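Accompanying notes for the structure given below.
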Amino acid sequence: GENVEQHPSTLSVQEGDSAVIKCTYSDSASNYFPWYKQELGKGPQLIIDIRSNVGEKKDQRIAVTLNKTAKHFSLHITETQPEDSAVYFCAAQGDSWGKLQFGAGTQVVVTP
Amino acid sequence: GAVVSQHPSRVICKSGTSVKIECRSLDFQATTMFWYRQFPKQSLMLMATSNEGSKATYEQGVEKDKFLINHASLTLSTLTVTSAHPEDSSFYICSAKRLAGGLSYEQYFGPGTRLTVT
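Residue numbers (this note's numbering), protein chains in the order written: chain A, 2 to 113; chain B, 40 to 157.
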């Protein structure tokens, strides 16, 4: 089955700096890669996703890149703000049921 | 984004009792919903896949007789934790698949339910 690894586990950045989180996956058949932001005590919120026919996608300060050959994808947050502080999860989906395999999560702390 | 609700948000129950958690997709129909469990500072663990009108598919190691799932309509799935014990205390989160265009889907999560078994 699919295995997703996520790094780093924690990331501290100064407000205004950029944050990058990287994930690798094992199943070359995976074709959908969403990113979720989870604040304390809340459910994960879908913030951006990318499909295997696209190499990069951007939404305001957030961007995701996908390298299918290397089987890795990354989340980029620019001009970080304190409200970006949360746990971020990457995921990969390869089967028709839509089951997602999640990474272990990255705790992002943005200090003013 | 799409809206998924869960009820209750928090529940405390006594050991041996059963608890039902509801998951609703408010602005879209979801033929497939998922139930996850999350322990503190850990990732999401898929418990089961719930398909409207059919039996749920449980992940390995999840007791189907203990975690009863019903997906009676395109907007509602329920998880019942039967004969709850303290080790069942956890954060339970549902998610729903929404058609995003063509044959593509997106998955949206509910706010979660904090279950505490005393």
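The beta-carbon is built from N, C-alpha and C at its ideal position, and this holds for glycine as well.
A quick note: this is a predicted structure, and the numbers were derived from the prediction, not measured.
Exposure of residue i, with buried meaning 16 or more beta-carbon neighbours within 10 Å
| i | result |
| --- | --- |
| Pro79(B) | exposed |
| Ile51(B) | exposed |
| Glu57(A) | exposed |
| Leu142(B) | exposed |
| His124(B) | exposed |
| Lys100(A) | buried |
| Val55(A) | exposed |
| Glu145(B) | buried |
| Ser129(B) | buried |
| Ser93(B) | exposed |
| Gln45(B) | buried |
Cutoff 6 Å; reference residue i; Cβ partners in own chain excluding five residues on either side
| i | result |
| --- | --- |
| Asp60(A) | Ile49 |
| Lys38(A) | Gln46, Ile48, Ala87 and Tyr89 |
| Asn4(A) | Ser27 |
| Gly95(A) | Glu3, Asp28, Ala30 and Ser31 |
Extent of the continuous beta strand (DSSP E) to which residue i belongs
| i | result |
| --- | --- |
| Gly151(B) | Unbroken run through Gly151(B): none, as it is neither H nor E. |
| Phe90(A) | Ala87 to Gln94 |
| Gln32(A) | The identity of residue 32(A) in the sequence shown is Asn, whereas the question assumes Gln. Counting along the chain, Asn32(A) falls outside any beta strand (DSSP E), and DSSP gives it neither H nor E. |
| Glu61(B) | Val58 to Ser64 |
| Leu118(B) | Leu115 to Val120 |
| Phe73(B) | Thr71 to Gln77 |
| Glu102(B) | Premise fails: Glu102(B) is in no beta strand (DSSP E) and is neither H nor E. |
CA-to-CA distance, residue j to residue i, given in whole angstroms
| i | j | result |
| --- | --- | --- |
| Lys23(A) | Tyr33(A) | 15 Å |
| Lys103(B) | Ala30(A) | 29 Å |
| Ser100(B) | Met86(B) | Looking at the sequence shown, residue 100(B) is not Ser but Gly. So the two alpha carbons sit approximately 9 Å from each other. |
| Thr71(B) | Tyr131(B) | 17 Å |
| Phe76(A) | Leu12(A) | Note that residue 76(A) is Leu in the sequence shown, not Phe. Going by the C-alpha atoms only, they are around 13 Å apart. |
| Thr56(B) | Thr119(B) | 10 Å |
| Lys72(A) | Arg76(B) | 27 Å |
| Val58(B) | Arg49(B) | 11 Å |
| Val111(A) | Phe74(A) | 22 Å |
| Gly104(A) | Ala92(A) | 6 Å |
| Ser89(B) | Glu98(B) | 11 Å |
| Ser158(B) | Thr121(B) | The question about residue 158(B) has no answer here: the residues shown for chain B are numbered 40 through 157. |
| Glu84(A) | Gly151(B) | 20 Å |
| His110(B) | Asn68(A) | 37 Å |
| Ser27(A) | Thr107(A) | 19 Å |
| Phe73(B) | Gln82(A) | 32 Å |
| Val65(A) | Ala139(B) | 18 Å |
| Glu40(A) | Leu65(B) | 21 Å |
Chain-order list of residues whose beta-carbon lies under 7 Å from that of residue i (same chain, five-residue window excluded)
| i | result |
| --- | --- |
| Tyr147(B) | Gly40, Ala41, Val43, Ser134, Ala135 and Arg137 |
| Ile78(A) | Ser19, Ala20, Arg62, Ile63 and Asp85 |
| Arg52(A) | Asn32 and Tyr33 |
Contact set for residue i: own chain, Cβ-Cβ below 8 Å, skip 5 residues either direction
| i | result |
| --- | --- |
| Ser10(A) | Ala105, Gly106, Thr107 and Gln108 |
The region 87-113 of chain A: positions lying closer than 9 Å to chain B by Cβ: Val88, Phe90, Ala92, Gln94, Trp98, Gly99, Lys100, Leu101, Gln102, Phe103, Gly104, Ala105, Gly106 and Gln108
Contact set between the region 126-147 of chain B and chain A, restricted to residues whose Cβ is under 7 Å from the partner: Ile132, Lys136, Ser143, Tyr144, Glu145, Gln146 and Tyr147
Residues of the region 78-101 of chain B with Cβ closer than 7 Å to any Cβ of chain A, in chain order: Ser82, Leu83, Leu85 and Thr88
Under 8 Å (Cβ pairs) to chain B, residues found in the region 40-67 of chain A: Gly42, Lys43, Gly44, Pro45, Gln46, Leu47, Asp50 and Arg52
Near-chain B residues of the region 5-35 of chain A (beta-carbon distance less than 8 Å), N- to C-terminal order: Tyr33 and Pro35
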